[in-house]
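There are 2 protein chains.
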Amino acid sequence: MNTTGERLEPVTCCAPLAAPALSEQEAKATAELFRALGDPARVRLVNLLATAGEPVCMCELIEPLGLAQPTVSHHAKKLVEAGLVEREQRGKWAYLSLQREAVEKLAAVADLKEVCC
Amino acid sequence: MNTTGERLEPVTCCAPLAAPALSEQEAKATAELFRALGDPARVRLVNLLATAGEPVCMCELIEPLGLAQPTVSHHAKKLVEAGLVEREQRGKWAYLSLQREAVEKLAAVADLKEVCC
DNA sequence: TCGACGTATCTACGTTCTTCGATATATTGA
DNA sequence: TCAATATATCGAAGAACGTAGATACGTCGA
Chain D
405 MNTTGERLEP VTCCAPLAAP ALSEQEAKAT AELFRALGDP ARVRLVNLLA TAGEPVCMCE
465 LIEPLGLAQP TVSHHAKKLV EAGLVEREQR GKWAYLSLQR EAVEKLAAVA DLKEVCC
Chain S
405 MNTTGERLEP VTCCAPLAAP ALSEQEAKAT AELFRALGDP ARVRLVNLLA TAGEPVCMCE
465 LIEPLGLAQP TVSHHAKKLV EAGLVEREQR GKWAYLSLQR EAVEKLAAVA DLKEVCC
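So the sequence lines, in the order shown, correspond to chains D and S. Residues 405 to 521 in our numbering are what the first sequence lists, from first letter to last. Residues 405 to 521 in our numbering are what the second sequence lists, from first letter to last.
Set out below in structure tokens:
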């Protein structure tokens, strides 16, 4: 999809829903951010990270999510790409943690009282 | 999709992302809510309603969105079903307005500091 | 009554998404 | 060095999605 090589940073590029003049670009970034949480598996993954409060090994997510390992890897990648989750390699293990600032920015985007991001 | 007749109310059924024990049902409801805003056209539609501050005739949304009339109708329906937008019939015109409480609830769901919906 | 207009639905098409088995790569421990 | 383990990627199948043309329905004004 992105052939130019420039990476979109949805979390930093999107504007509040009530922004006076939402550009096409901003709308796309905002939609991508919301879409990242538009799947039950990813909502549960984020929930697991939020309640854990500390980085969680990816291997410990497979069972609670009830999905195959490639599927969990796929969803984790989506969340990392959206900026909502951070991935940290520790030897052969991959640890995921919540990007709390990104999630808070998401809440700010949905906040109609917010004027600016 | 829903053959039993029971209507899901995503806005009232979903729980915060940081909820201690997110059920499968709640995760699905939360995902549906986020997914409703997971398309640029719907983000712009919500933005138009948010900045208008008053009900907007659907016929006035076609041009700014740059989409065909059936497509706008389709997106509007999705937003109404998600509870984010209210639809009001006035003669042959359909007026859309933002369900501000629902959008605020969405922001609360994304708020990690919130304990309960 | 009739034509114009606004809207929803039907249908179809191409794209994207979710899922998982198979497989490749890398790291650890023996 | 070798087997076991964790993870990512590839490839494929089925479902869901976005879009718009055609069409049907209802309302308004003449």
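All C-beta atoms, glycine included, are put in the ideal place defined by N, C-alpha and C.
C-beta neighbour in chain S for residue i, strict 8 Å
i: D:Glu485; result: no
i: D:Leu516; result: yes
i: D:Pro357; result: The question about residue 357 of chain D has no answer here: the residues shown for chain D are numbered 405 through 521.
i: D:Ala528; result: For residue 528 of chain D there is no data in the structure shown, the boundaries of chain D being 405 and 521.
i: D:Thr434; result: yes
i: D:Ala511; result: yes
i: D:Leu471; result: no
i: D:Leu465; result: no
i: D:Val460; result: no
i: D:Pro468; result: no
i: D:Leu421; result: yes
Rounded straight-line distance, which links the Cα of residue j to that of residue i
i: S:Asn451; j: D:Arg491; result: 32 Å
i: S:Gln503; j: S:Gly495; result: 21 Å
i: D:Val513; j: S:Val484; result: 20 Å
i: D:Val489; j: D:His479; result: 11 Å
i: D:Glu430; j: S:Glu464; result: 21 Å
i: D:Ala472; j: D:Ala445; result: 12 Å
i: S:Gly442; j: D:Gly442; result: 7 Å
i: D:Ala498; j: D:Cys417; result: 27 Å
i: D:Ile466; j: D:Thr475; result: 9 Å
i: D:Ser477; j: S:Glu428; result: 20 Å
i: D:Gln493; j: D:Ala486; result: 18 Å
i: D:Leu500; j: D:Pro468; result: 15 Å
i: D:Glu505; j: S:Met462; result: 36 Å
i: D:Ala522; j: S:Ala419; result: Absent from the structure is residue 522 of chain D, since the part of chain D shown begins at 405 and ends at 521.
Presumed contact (8 Å Cβ cut-off) between residue i and residue j, rounded CB distance
i: S:Ala440; j: S:Lys482; result: 6 Å
i: S:Leu516; j: D:Val507; result: 6 Å
i: S:Thr454; j: D:Leu421; result: Per the sequence shown, the amino acid found at residue 454 of chain S is Ala instead of Thr. Right, the Cβ-Cβ distance comes to about 5 Å (below 8 Å), so this counts as a contact.
i: S:Ala511; j: D:Ala435; result: Wrong, their Cβ atoms sit about 16 Å apart, outside the cutoff.
Min CB distance residue i to chain D below 8 Å
i: S:Lys481; result: no
i: S:Val447; result: yes
i: S:Thr475; result: no
i: S:Val489; result: no
i: S:Arg494; result: no
i: S:Ala506; result: no
i: S:Ala454; result: yes
Neighbour-count burial assignment, residue i, 16 or more Cβ in a 10 Å radius
i: D:Arg448; result: buried
i: D:Lys432; result: buried
i: D:Gly457; result: exposed
i: D:Ala423; result: buried
i: D:Gly470; result: exposed
i: S:Ala425; result: exposed
Coarse secondary structure for residue i, derived from DSSP in three states
i: D:Ala498; result: strand
i: S:Glu464; result: helix
i: S:Glu458; result: coil
i: S:Gln429; result: helix
i: S:Gln473; result: helix
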